[in-house]
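Protein chains: 2
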Amino acid sequence: MSQAKRIEPDPPIRDPRDSEHLDVWGFADSGFALTPNGEVTFTGDRYPISGKVMPDFLPWARETLDSPLAADDVHESHYPTPIPERVANAAFETELAAGLRAEQIESDPRVRLRHGHGHTQEEMWAIKYGRVTRVPDLVVSPESDAQVRAIVALAQRHRVCLIPYGGGTNVTEALRCPRDERRCIVSVDMRRMNRVLWIDPENRTACIEAGANGREIAEVLARNGYTIGHEPDSYEFSTLGGWVATHASGMKKNRYGNIEDIVLGVTAVTSSGDLARDAAPARESVGGDPARWLFGSEGRLGIVTRAVVKVRPLPEVQKHGSVIFSDLETGFAFVRDVQRAGIVPASIRLMDNLQFQFGQALKPRKQGFAVWKSRLEKFFVTRVKGLAVDRMVACTLLFEGTRAEVAAQERAVYRIAARHRGIKGGAENGQRGYALTFAIAYIRDFMMHHHVLAESFETAVPWSQCVAMIQNVKQRLWQEHAKRGLPGKPFVSARVTQLYETGVCVYFYFAFYARGVEHASEVYAELERAAREEILRSGGSLSHHHGVGKLRQRFLPAIFSPAALAWREGLKRAVDPDDVFGCAN
Amino acid sequence: MSQAKRIEPDPPIRDPRDSEHLDVWGFADSGFALTPNGEVTFTGDRYPISGKVMPDFLPWARETLDSPLAADDVHESHYPTPIPERVANAAFETELAAGLRAEQIESDPRVRLRHGHGHTQEEMWAIKYGRVTRVPDLVVSPESDAQVRAIVALAQRHRVCLIPYGGGTNVTEALRCPRDERRCIVSVDMRRMNRVLWIDPENRTACIEAGANGREIAEVLARNGYTIGHEPDSYEFSTLGGWVATHASGMKKNRYGNIEDIVLGVTAVTSSGDLARDAAPARESVGGDPARWLFGSEGRLGIVTRAVVKVRPLPEVQKHGSVIFSDLETGFAFVRDVQRAGIVPASIRLMDNLQFQFGQALKPRKQGFAVWKSRLEKFFVTRVKGLAVDRMVACTLLFEGTRAEVAAQERAVYRIAARHRGIKGGAENGQRGYALTFAIAYIRDFMMHHHVLAESFETAVPWSQCVAMIQNVKQRLWQEHAKRGLPGKPFVSARVTQLYETGVCVYFYFAFYARGVEHASEVYAELERAAREEILRSGGSLSHHHGVGKLRQRFLPAIFSPAALAWREGLKRAVDPDDVFGCAN
């Protein structure tokens, strides 16, 4: 059989400057910080925001949270809080060491700790102020499918628990080790398996190892003129295997699809053997490919080692845009009309007034002309056009495609915007909005350092219930905050972040100042659960893309019938009877 | 929680004229037949082709198959060949009768026979010329989810085998009862559960019972201004439950998606209980909804009773088109460029020269101006444009959408066609092509009556392998035909019937004159298997949308690893340990 000519790219470039923090989000060279003047800045030089001073942020945060937030008012971190002793399994470790190089096996406590948590507020609190009760006892970094197979076989033989690890960015406690797990827990860190194995330009497919993160994939594919189009907010760190395991969604799904649309075939090592396909058909009817059951399996069923994905040539044109509307209902009607018109940009996000303010507060100090221009814009928008600063909302847009496609989309979208009296905010503001996404991920840890607990959570909700759901959630959180006599005011903000024919994805930010609050992290968790109850009651889903992990397990009976839950357990018992993949998600 | 305002439509209209044949495909009032003059015609008045005389067809078929095919040269049908005696289960039947009306329970042999087969050539042969060794012992027609639940509970209690039934149109032997099944087999005919329960215009969803067929769904939705957009060739008879069970694909998937894109939520009765969801989110990450495992499950795991689907407003504009190209490679390059341009019509199908001839041979006798016009067209195409009648191919097009969308698509597609020196064949030829699809389904039985065995089979194949695969399959079938010394010449024809970013769906027709051939149906099956081997070897998939059933089970180890097959069996054993759903697909 003649094969299409394939490209076999060089591996991704490993830059030592890309090392990551162990105790907070992101790259070691980046993060929010305070200047000697007590103003917020961002370290390093990776992001547009890096090196800028943002003088409005702390004052805005103080006012919004109605709380002190002084520069010197910090919650000192005790990272790392006590790390549990290793549970050894000598027989396993001996055979393991015989098959791998020493550098592939790690038992350093901080590395083990890092592999035992993701980025939920509870976990980030625990590693600084609380306690993590169980962490992996060993971290292993395989470099090939054969090594993964060997590790799984050893784990079965020696009764070891395996937990696959990618970027460690999940926000569902998916990596949290079950407290009562007595077996040796081994974290299988897939990140050395990060190659794009081949690109097939004629058939627009590529085969990529599961430990490649979004940044590496983007770099290698772009070098060759392609893109996978999957860009979750975590993409700098999250991996292809993690995307499959969490059923991930990316910013540009309107153009490229979600992970289930992008991934055509999955190869995995399981305790029953390999799930492997030679081919990855565009579409098939074969009674169900079991490898698809790995989507959303959150590490319970096996380890994904590689996947065949769709790739697209890099778009000819990429343009940003933004539009301002008078209020959320109007903005919502706008995105509704865009969806109905069927001409949807690669990304379209509608943020509420609070998030708009948040974005404005993160604007860097401007000098000279820039100051003047910014003031003039503000004047125009608020005085001339009559928008109220406490009601206006913003919608950011990203168009990708051929010149003609993008032009047609822009025309259609801005025409609809005009019907809703939207004011074009320009490409720069749109681009800022998207660039901010990656920087915002760092802000939670900065805020936690200043006594503010914050988290994001999301849902899919039908069109008809969206606005009411947002209102209900905000109202509920304010009520719960007041009921507990928590300090200051809560910050509850929403944005519509994805559009579908039958509904939208809504992303919430929720924060409150927690100094003096007893068991602050647990209190936060209670409020988050209350918000989720409200979401479910208002017609929203349990999760659009973050997943369930352990964080939302208690809600599963609310959405699944007993038979459905039994089916899931039945599958797990059938394919992994010894619970080798014992993350208990 | 406030619900969006829902429409609750009246049930579909049941027209007694819509009764179906029991022994051949389709409506009782329709089918190919011969005029007293020995020319081919089509009975009834349902289709554009109905009532027309097609004088070119038999001569063309004789020449192409190099076989007699005389009007009086028929293979008399012995339908029904002996129908096995009933296997009774008195305890089950007594309790069943207590809960249902008498008309919901049927034991007539011909009805049981019909429920024990689909439309593979082997099954259609067996009911006329051979023998069906096992058929359902009872046919039950529930009218509600509660009745389905009761039937399943009874089946478990009394050890009865249940096989769900929809349109009975599968082409994989999915309905063929396992020969050695000793339990009483009950066919659960879902077609009384055919209502559209509600339409939600604001959220663009609808809830439809699983026994509704495509025609009923289209009628009810269209009455209310909507469409589901799923239009498989079998849609006049096939049901929503069947579509889920076979992982179906429809003609207009480019615009509306395949069944997995259209169906948002599935409710099913299983031997473990109900899989039911209150809500059907646009998209979610919840660790895997087990109801999705029913897609492609071909009746092995449970009975789908209803589904929440996406619906779209009826398109403003629907336009047909057609283009003629000099040869298959040129036509293929054309569809390739259309896919790459990203502006793909709702349907685009490229047929090879033989299928083009086939379509021409089915043209009705024309009179007067129409004759003159047709001759002129032919002259223009063949002499003026220099196309060869034995190489030219045709591509049919269907555009749907707003006026602007359709105009843009037409512009883009015809521009690409011109680049490949395509000649526009006009809307009428395009429309004929699509209308013929539904009539063509009747031709196999007519041909079988005249000693010609025929079948269709399909695959998904990467772009790079498509043309070679088509050639390899044709070559292999000619070889196998010659090797066995079969009469005349084989008819092997292909069309590219769906486009994807990474490949296409190819549909084959294969026929040969079989008078005098011993065990003709088995010989045909051997050749079909040889074709499938060739398809797999050439990079094609086991099936794009027909499924596996029993017909292609032997090929499963060629595409699935042992672990994958074990996972599938493991799931079945876990969720249906008593094999209540014992169709053995």
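Protein chains in written order, with the numbering used here: chain A, 2 to 586; chain B, 2 to 586.
The beta carbon of each residue, even a glycine, is placed where N, CA and C say it ideally should be.
Environment of residue i [buried if 16+ CB atoms lie within 10 Å]
| i | result |
| --- | --- |
| Trp479 of chain A | exposed |
| Phe380 of chain A | exposed |
| Ala127 of chain A | buried |
| Ile14 of chain B | exposed |
| Thr271 of chain B | buried |
| Gly167 of chain A | buried |
| Lys367 of chain B | exposed |
| His79 of chain A | exposed |
| Asn90 of chain B | buried |
| Gly303 of chain B | buried |
| Glu502 of chain B | buried |
| Pro17 of chain B | exposed |
| Arg256 of chain B | buried |
| His451 of chain B | buried |
Residue i - partner residues in DSSP beta bridges
| i | result |
| --- | --- |
| Glu107 of chain B | B:Val140 |
| His321 of chain A | A:Leu399 |
| Thr36 of chain A | Bridge partners of Thr36 of chain A: none, in fact. |
| Thr206 of chain A | A:Asp201 and A:Lys311 |
| Gly274 of chain B | B:Thr271 |
| Gly266 of chain B | B:Val309 |
| Leu163 of chain B | B:Val187 |
| Met449 of chain A | Looking at the DSSP assignment, Met449 of chain A forms no beta bridge with any residue, so it has no partner. |
| Ser348 of chain B | B:Leu399 |
| Asn42 of chain A | Rather than Asn, the amino acid found at residue 42 of chain A in this sequence is Thr. Thr42 of chain A is bridged to A:Ala34 and A:Val54. |
| Val75 of chain A | Answer by DSSP bridge pairing: none, since Val75 of chain A is not bridged. |
Per-residue contacts from residue i into chain C (C-beta, under 7 Å)
| i | result |
| --- | --- |
| Ala151 of chain B | The question asks about chain C, but that chain is absent: this structure's protein chains are A and B. |
Nearest-angstrom Cα separation, counted from residue j out to residue i
| i | j | result |
| --- | --- | --- |
| Phe296 of chain B | Gly288 of chain A | 7 Å |
| Gly131 of chain B | Gly332 of chain B | 42 Å |
| Val518 of chain B | Arg63 of chain B | 17 Å |
| Val305 of chain B | Pro143 of chain B | 12 Å |
| Leu399 of chain B | Glu406 of chain A | 21 Å |
| Asp579 of chain B | Ala156 of chain B | 10 Å |
| Ala175 of chain B | Asp577 of chain A | 30 Å |
| Val133 of chain A | Glu459 of chain B | 55 Å |
| Ser240 of chain A | Trp61 of chain A | With the sequence shown as reference, residue 240 of chain A is identified as Thr, and Ser is not the correct amino acid for it. Using only the alpha carbons, I get a separation of about 35 Å. |
| Thr403 of chain A | Phe326 of chain B | 27 Å |
| Arg422 of chain A | Ala532 of chain A | 33 Å |
| Asn171 of chain A | Phe33 of chain A | 21 Å |
| Leu265 of chain B | Gly117 of chain A | 35 Å |
| Lys573 of chain A | Leu66 of chain B | 54 Å |
| Lys253 of chain B | Lys129 of chain A | 55 Å |
| Thr44 of chain A | Gly52 of chain A | 6 Å |
| His231 of chain B | Ser250 of chain B | 7 Å |
| Arg113 of chain A | Asp138 of chain A | 7 Å |
| Ala347 of chain B | Val414 of chain B | 12 Å |
| Val390 of chain A | Pro37 of chain A | 31 Å |
| Asn195 of chain B | Ala5 of chain B | 23 Å |
| Arg180 of chain B | Arg135 of chain B | 5 Å |
* Could you name the residues of the stretch 542 to 569 of chain A whose beta carbon sits closer than 8 Å to any beta carbon of chain B, in the order they occur along the chain? => Ser542, Leu543, Ser544, His545, His546, His547, Gly548, Val549, Leu557, Ile560, Phe561, Ser562, Pro563, Ala564, Ala565, Ala567, Trp568 and Arg569
* To do: Identify every run of the beta strand (DSSP E) within the stretch 456 to 539 of chain B, keeping only runs that are complete inside it and at least 3 residues long; order them along the chain.
  => 492 to 500 and 504 to 514
* **Where the stretch 479 to 513 of chain B meets chain A: residues whose CB sits under 7 Å from a CB there** => Tyr501, Glu502, Thr503 and Gly504
* Asked: Relative to chain A, which residues along the stretch 276 to 289 of chain B have a C-beta separation below 9 Å, given in chain order?
  -> Leu276, Ala277, Arg278, Asp279, Ala280, Ala281, Pro282, Ala283, Arg284, Glu285, Ser286, Val287, Gly288 and Gly289
* Using a Cβ-Cβ cut-off of less than 7 Å, list which residues of the stretch 194 to 218 of chain A approach chain B; keep chain order. => Hits within the stretch, in order: Glu203, Asn204, Arg205 and Thr206.
* For the stretch 241 to 272 of chain B, enumerate the residues whose C-beta is nearer than 8 Å to any C-beta of chain A, in chain order. => Correct list: Thr247, His248, Ala249, Ser250, Asn259, Leu265 and Thr271.
* For the stretch 312 to 336 of chain A, which residues have a beta carbon sitting closer than 7 Å to at least one beta carbon of chain B? -> Flagged: no residues at all.
* Contact set between the stretch 173 to 185 of chain A and chain B, restricted to residues whose Cβ is under 7 Å from the partner -> none
* Segments of 3+ residues assigned as beta strand (DSSP E) that fall wholly inside the stretch 218 to 303 of chain B -> 264 to 271 and 274 to 276
* Taking a Cβ distance cut-off of 9 Å, strictly less, list which residues of the stretch 448 to 467 of chain A are near chain B, in chain order. => Thr460, Ala461, Val462, Pro463, Trp464, Ser465 and Gln466
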